[in-house]
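Each remark here refers to the structure printed beneath this line.
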Amino acid sequence: MLTHLDSQGRANMVDVTDKAVTAREATAEARVRMRPETLQLIQAGGHPKGDVFAVARIAGIQAAKKTSDLIPLCHPLMLTSVKVELSAEGEDTVHIVARCKLAGQTGVEMEALTAASVAALTIYDMCKAVDRGMTIESVRLLEKLGGKSGHYQAGE
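Letter by letter, the sequence shown follows residues 2 to 157 in my numbering.
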(Lines of atoms letter the chains of each structure in order from A and count residues from 1; the text may use other names and numbers.)
(Lines give C-alpha, C1' and ligand atoms only; values in the text may rest on other atoms or scores of the structure.)
Protein backbone atom coordinates (compact mmCIF):
# COMPACT_ATOMS: atom_id res chain seq x y z
CA MET A 1 0.00 0.00 0.00
CA LEU A 2 1.29 3.44 -0.93
CA THR A 3 0.97 5.49 2.24
CA HIS A 4 1.16 8.86 0.47
CA LEU A 5 -2.18 8.30 -1.31
CA ASP A 6 -5.58 8.77 0.31
CA SER A 7 -8.63 6.54 -0.31
CA GLN A 8 -9.37 8.46 -3.53
CA GLY A 9 -5.80 8.11 -4.80
CA ARG A 10 -4.85 11.73 -4.09
CA ALA A 11 -1.40 12.61 -2.75
CA ASN A 12 -1.30 13.49 0.93
CA MET A 13 1.17 13.77 3.77
CA VAL A 14 1.05 10.76 6.09
CA ASP A 15 -0.40 11.58 9.52
CA VAL A 16 2.19 10.51 12.12
CA THR A 17 0.45 12.14 15.10
CA ASP A 18 -0.27 8.86 16.87
CA LYS A 19 3.07 7.19 16.10
CA ALA A 20 5.49 6.69 18.97
CA VAL A 21 8.68 8.72 19.15
CA THR A 22 11.50 6.21 18.68
CA ALA A 23 15.18 6.25 17.74
CA ARG A 24 15.53 6.07 13.98
CA GLU A 25 18.56 5.85 11.73
CA ALA A 26 19.20 5.43 8.01
CA THR A 27 22.33 4.98 5.91
CA ALA A 28 22.50 5.58 2.16
CA GLU A 29 25.25 5.57 -0.42
CA ALA A 30 26.14 6.98 -3.82
CA ARG A 31 29.10 6.61 -6.14
CA VAL A 32 30.60 9.11 -8.56
CA ARG A 33 32.61 7.49 -11.33
CA MET A 34 35.17 9.70 -13.09
CA ARG A 35 38.40 9.63 -15.02
CA PRO A 36 41.36 8.49 -12.87
CA GLU A 37 43.04 11.88 -13.43
CA THR A 38 40.03 13.64 -11.93
CA LEU A 39 40.16 11.53 -8.78
CA GLN A 40 43.91 12.14 -8.55
CA LEU A 41 43.30 15.89 -8.75
CA ILE A 42 40.72 15.69 -5.94
CA GLN A 43 42.98 13.55 -3.74
CA ALA A 44 46.02 15.76 -4.31
CA GLY A 45 44.06 18.80 -3.13
CA GLY A 46 44.96 20.57 -6.37
CA HIS A 47 41.46 21.49 -7.41
CA PRO A 48 41.15 25.23 -8.10
CA LYS A 49 37.76 25.40 -6.33
CA GLY A 50 39.17 24.00 -3.08
CA ASP A 51 38.70 20.83 -1.04
CA VAL A 52 36.12 18.87 -3.05
CA PHE A 53 35.40 16.34 -0.29
CA ALA A 54 34.92 19.06 2.37
CA VAL A 55 32.50 21.03 0.20
CA ALA A 56 30.56 17.88 -0.79
CA ARG A 57 30.34 16.82 2.88
CA ILE A 58 28.86 20.19 3.89
CA ALA A 59 26.47 20.12 0.91
CA GLY A 60 25.24 16.66 1.91
CA ILE A 61 24.67 17.73 5.51
CA GLN A 62 22.78 20.85 4.41
CA ALA A 63 20.70 18.81 1.96
CA ALA A 64 19.63 16.33 4.64
CA LYS A 65 18.36 19.25 6.71
CA LYS A 66 16.38 20.60 3.71
CA THR A 67 14.85 17.33 2.50
CA SER A 68 11.27 18.36 3.29
CA ASP A 69 11.78 21.47 1.13
CA LEU A 70 12.78 19.27 -1.81
CA ILE A 71 10.53 16.20 -1.54
CA PRO A 72 6.92 17.41 -1.43
CA LEU A 73 5.36 14.95 1.06
CA CYS A 74 8.31 14.55 3.47
CA HIS A 75 7.87 15.72 7.05
CA PRO A 76 10.28 18.37 8.32
CA LEU A 77 12.47 16.55 10.83
CA MET A 78 14.67 17.56 13.74
CA LEU A 79 17.75 15.56 12.82
CA THR A 80 20.09 14.86 15.72
CA SER A 81 23.01 13.64 13.59
CA VAL A 82 24.05 13.79 9.96
CA LYS A 83 27.36 12.30 8.87
CA VAL A 84 28.61 12.25 5.28
CA GLU A 85 31.77 10.28 4.54
CA LEU A 86 33.59 10.40 1.21
CA SER A 87 36.42 8.13 0.13
CA ALA A 88 38.26 7.09 -2.99
CA GLU A 89 37.29 3.65 -4.23
CA GLY A 90 39.67 2.18 -6.74
CA GLU A 91 41.23 4.54 -9.24
CA ASP A 92 38.09 6.17 -10.65
CA THR A 93 35.32 6.33 -8.04
CA VAL A 94 34.28 8.40 -5.04
CA HIS A 95 32.13 6.45 -2.57
CA ILE A 96 29.74 8.51 -0.45
CA VAL A 97 28.03 7.18 2.69
CA ALA A 98 25.44 9.33 4.48
CA ARG A 99 24.00 8.50 7.94
CA CYS A 100 21.10 10.35 9.53
CA LYS A 101 19.65 9.90 13.02
CA LEU A 102 16.84 11.29 15.12
CA ALA A 103 14.31 10.48 17.79
CA GLY A 104 11.00 10.98 16.03
CA GLN A 105 7.75 9.66 14.62
CA THR A 106 8.92 8.99 11.07
CA GLY A 107 12.01 7.59 9.40
CA VAL A 108 15.06 9.32 7.97
CA GLU A 109 15.60 7.31 4.78
CA MET A 110 14.85 10.24 2.49
CA GLU A 111 17.24 12.48 4.41
CA ALA A 112 20.09 9.96 4.05
CA LEU A 113 19.34 9.44 0.35
CA THR A 114 19.17 13.20 -0.22
CA ALA A 115 22.47 13.77 1.59
CA ALA A 116 24.26 11.14 -0.51
CA SER A 117 22.70 12.44 -3.74
CA VAL A 118 23.53 16.10 -3.15
CA ALA A 119 27.08 15.26 -2.07
CA ALA A 120 27.44 13.40 -5.39
CA LEU A 121 25.94 16.32 -7.34
CA THR A 122 28.36 18.68 -5.60
CA ILE A 123 31.34 16.59 -6.69
CA TYR A 124 29.98 16.70 -10.24
CA ASP A 125 29.50 20.47 -10.05
CA MET A 126 32.98 21.11 -8.70
CA CYS A 127 34.70 18.80 -11.22
CA LYS A 128 32.61 19.23 -14.38
CA ALA A 129 35.10 21.70 -15.90
CA VAL A 130 37.73 18.93 -16.04
CA ASP A 131 35.46 15.87 -16.49
CA ARG A 132 31.95 16.27 -17.94
CA GLY A 133 31.66 12.50 -18.40
CA MET A 134 31.36 11.70 -14.69
CA THR A 135 28.43 9.48 -13.72
CA ILE A 136 26.48 9.32 -10.48
CA GLU A 137 25.64 5.70 -9.72
CA SER A 138 24.20 3.35 -7.14
CA VAL A 139 22.24 5.82 -5.06
CA ARG A 140 20.49 3.50 -2.61
CA LEU A 141 19.41 2.89 0.94
CA LEU A 142 21.88 0.63 2.72
CA GLU A 143 20.23 0.32 6.12
CA LYS A 144 17.29 1.57 8.14
CA LEU A 145 16.74 1.09 11.86
CA GLY A 146 13.73 1.90 14.03
CA GLY A 147 10.06 2.44 13.52
CA LYS A 148 7.21 0.00 13.00
CA SER A 149 8.78 -1.69 9.98
CA GLY A 150 11.95 -2.47 11.95
CA HIS A 151 15.37 -3.18 10.53
CA TYR A 152 16.16 -3.18 6.82
CA GLN A 153 19.54 -3.97 5.33
CA ALA A 154 20.29 -3.97 1.60
CA GLY A 155 21.76 -7.06 0.02
CA GLU A 156 25.09 -6.96 -1.74
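Glycine is no exception: its CB is placed at the ideal position from the N, C-alpha and C atoms. If you're wondering where the values come from, they're calculated on a predicted model, not measured in any experiment.
- Residue pairing by DSSP puts Cys101 in a beta bridge opposite Ala27, Val83.
- Secondary structure remark: continuous beta strand (DSSP E) runs of at least 3 residues inside the stretch 19 to 77, in chain order: 23 to 34.
- For Ser139, the enclosing beta strand (DSSP E) has its first and last residue at 136 to 146.
- Under the three-state reduction of DSSP, Ala155 is assigned to coil, being neither helix nor strand.
- Pairwise C-beta distances place the stretch 34 to 41 out of contact with the stretch 98 to 105, as fewer than three of them are shorter than 8 Å.
- Under the three-pair Cβ rule at 8 Å, the stretch 105 to 117 counts as touching the stretch 66 to 76.
- Straight across, the Cα-Cα distance linking Lys84 with Ala99 is about 6 Å.
- For the pair of segments examined, the stretch 139 to 149 was found not to touch the stretch 42 to 51: the number of CB pairs separated by less than 8 Å stays below three.
- The Cβ neighbour count for Thr18, taken over all protein chains shown within 10 Å, is under 16; the residue is labelled exposed.
- Here the alpha carbons of Arg58 and Lys66 stand approximately 13 Å from one another.
- Listed as beta-bridge partners of Ala113 by DSSP are no residues whatsoever.
- Met135 sits buried, since 16 or more C-beta atoms from the chains shown fall within 10 Å of its C-beta.
- Distance from Gly147 to Glu26 at the Cβ level is roughly 6 Å; contact confirmed, criterion being Cβ atoms closer than 8 Å.
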